[in-house]
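In this text, residue positions in the sequence shown follow this note's numbering: the first is 1, and each later residue adds one.
These notes concern the structure reproduced below.
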Amino acid sequence: MILVTGATGHLGTAVIDQLLKHTSTENFVALARSEEKAKALKDKGVQVRIGDFDDPASLEKAFAGIDKLLLISTVAQNRGEQQKAVVEVAKKAGVQHIVYTGVSLKDLSTSAIKWLMASHFETEDAIKESGLVYTFLHNALYTDVIPMYVGEHVFEAGIYLPAGDGKAPFALRREMGEAVANVLLQDGHENKTYEITGSELYSYTDVAQALSELSGKSVSYTNADPTEFTEKLKQFGVPEFAILLTAGFAEDQKNHQFEEVTNDLENLLGRKPLALKEALKEIYKL
């Protein structure tokens, strides 16, 4: 029996949709924090268990009878503590195998958002120390988050980010979800680590060019000054945590932290993932 955490989130939804295509609902369950959040899952015929990462007792009940657990990393500021607690409860409940979605990053020690990224690797250490079978999926940046970083007026104002000429192997979240589902349903992924990346590296200059070609408008990319960029976000009333994340990811891209390409996603999908232009066409419905 498989359990999917984060099942109401974007990646979790993509995983659930793939599981529904390839296996019976008798073979997996979804974890949700409340009945209200679980409604869409139940409408799809998915079995739901209620549990909260901040309530270990609820997790003990939810993990009963589970063999393989997909731990989708959270976005909470106390992510490390939450996820270590999940590992402890999983071990106690008799879970055999944890699949964890982390991050593809070249050098944690020099990351601009080490304070956030470190929890990924601390979670992996906790899983290894637990003695459970593991599969680690180091996800590259989602193509899907590009609209959030470039803003809703990108076709009029262009892209303004302090990302320099750094590149990233952007990949679609739904294709990552498909790869995760395949890992959950297949044997042979025990105690392995995969770098889940797109097939090519792209800069924001490439993003601007692709959006220009798709829209027929001239979309420019301005390599913003980091201090000015942060000040502009503050002026627009962007929450401090969101500013730290946006600026931090941009700085890491500028410093080439994400510039790694592998065939792991292609191999797990059995085909090449969508290239940037085709993925942006899908996201922007162009």
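Built from N, CA and C at the ideal position, the CB exists for glycine as well.
Please read all numbers here as calculations on a predicted model, not as lab measurements.
Going residue by residue through the segment 130–205, where are the continuous alpha helix (DSSP H) segments of at least 4 residues, counting only ones entirely within it?
Segments of the alpha helix (DSSP H) lying fully in the segment 130–205: 146–150, 154–157 and 173–185.
Just confirm the distance between the C-beta atoms of G102 and H138, as a whole number of angstroms; I'd bet it's less than 8 Å.
Translated into the one-based positions of the sequence shown, residue 102 becomes position 102. Translated into the one-based positions of the sequence shown, residue 138 becomes position 138. Right, their Cβ atoms sit about 5 Å apart.
Based on Cα-Cα distance, which residue from S130, V86, K277 and S73 lies nearest to M117?
Looking up residue 117 in the sequence shown gives position 117. Looking at the Cα atoms, S73 is the closest of the given residues.
Determine whether the beta carbon atoms of L31 and A62 lie at a separation below 8 Å.
Working through the sequence shown from its first residue, we reach residue 31 at position 31. Working through the sequence shown from its first residue, we reach residue 62 at position 62. Their beta carbons are under 8 Å apart, which means L31 touches A62 by this criterion.
Look up I16 in the DSSP assignment and say whether it is helix, strand or coil.
Walking along the sequence shown from the start, residue 16 turns up at place 16. Residue state, collapsed to three classes: helix.
With respect to the beta strand (DSSP E) encompassing L293, which residues constitute its N-terminal and C-terminal limits?
Summary: the structure shown does not reach residue 293, with the chain confined to residues 1 through 286, and so no result is reported for it.
From this set, E36, E278, A38 and P162, which residue's C-alpha is nearest A171's C-alpha?
Here residue 171 refers to the residue found at position 171 when the sequence shown is read from its first residue. Among E36, E278, A38 and P162, the Cα nearest to that of A171 belongs to E278.
Do the CB positions of T135 and K192 come within less than 8 Å of each other?
Along the sequence shown, one-based indexing puts residue 135 at 135. Along the sequence shown, one-based indexing puts residue 192 at 192. Going by C-beta atoms, T135 is nearer than 8 Å to K192.
Less than 8 Å between the CB atoms is what I'm expecting for Y202 and K254, so what's the real figure, rounded?
What you label residue 202 is simply residue 202 of the sequence shown in a count that begins at 1. What you label residue 254 is simply residue 254 of the sequence shown in a count that begins at 1. Incorrect: roughly 14 Å between the Cβ atoms, too far for contact.
When the distance is taken between beta carbons, is V133 closer than 8 Å to E195?
Counting from 1 along the sequence shown, the entry for residue 195 is found at position 195. Counting from 1 along the sequence shown, the entry for residue 133 is found at position 133. Against a cut-off of 8 Å, the Cβ pair of V133 and E195 comes out as no contact.
Just mark G65 as buried or exposed, buried being the case when its beta carbon has 16 or more other beta carbons within 10 Å.
Mapped onto the sequence shown, residue 65 falls at position 65. The residue in question, G65, is exposed, as its Cβ has fewer than 16 Cβ neighbours within 10 Å.
Do L334 and I98 have their C-beta atoms within less than 8 Å of each other?
Residue 334 cannot be examined here, being either before or after the span of the chain that is shown, 1 to 286.
Within 10 Å of its beta-carbon, does E124 have 16 or more other beta-carbons around it, so buried, or fewer, so exposed?
As a working note, residue 124 is residue 124 in the sequence shown. It is buried - the Cβ of E124 has at least 16 other Cβ atoms within 10 Å.
Quick check: the Cα distance between T227 and V207, rounded to an integer number of angstroms?
Residue mapping note: residue 227 aligns to position 227 of the sequence shown, counting from 1. Residue mapping note: residue 207 aligns to position 207 of the sequence shown, counting from 1. Near 23 Å, if we compare the C-alpha coordinates of V207 and T227.
Evaluate Q83 with the Cβ neighbour count: other Cβ atoms within 10 Å of its Cβ, from every protein chain shown; 16 or more gives buried, anything less gives exposed.
By 1-based counting over the sequence shown, the position of residue 83 is 83. Q83 should be labelled buried.
Use the C-beta contact count for T13: other C-beta atoms within 10 angstroms, 16 or more gives buried, fewer gives exposed.
Your numbering for residue 13 matches position 13 in the sequence shown. Under this definition T13 is a buried residue.
Note down, in chain order, each residue of its chain lying with its Cβ closer than 7 Å to the Cβ of V15, except the 5 sequence neighbours on either side.
What you label residue 15 is simply residue 15 of the sequence shown in a count that begins at 1. Around V15: V4, L70, G177, V180 and A181.
Kindly indicate which residue of E26, T143 and L245 has the alpha-carbon position closest to the one of E200.
Numbered from 1 along the sequence shown, position 200 holds the residue referred to as residue 200. It is T143.
Hey, I159 and V219: beta-carbon distance below 8 Å or not?
Numbered from 1 along the sequence shown, position 159 holds the residue referred to as residue 159. Numbered from 1 along the sequence shown, position 219 holds the residue referred to as residue 219. Yes, these two residues count as a Cβ contact at 8 Å.
Give the C-beta separation of T197 and P169 to the nearest angstrom, bearing in mind that I take them to be a contact with Cβ-Cβ under 8 Å.
Taking the sequence shown and counting its residues from 1, one reaches residue 197 at position 197. Taking the sequence shown and counting its residues from 1, one reaches residue 169 at position 169. About 4 Å; that satisfies the 8 Å criterion.
Are the Cβ atoms of L161 and A85 separated by less than 8 Å?
Position 161 of the sequence shown holds residue 161. Position 85 of the sequence shown holds residue 85. Not in contact: L161 and A85 (Cβ atoms no closer than 8 Å).
Taking the straight line between their C-alpha atoms, what separation do you get for A247 and K281?
Start at 1 with the first residue of the sequence shown, and residue 247 comes out as number 247. Start at 1 with the first residue of the sequence shown, and residue 281 comes out as number 281. Computed Cα separation, rounded: 25 Å.
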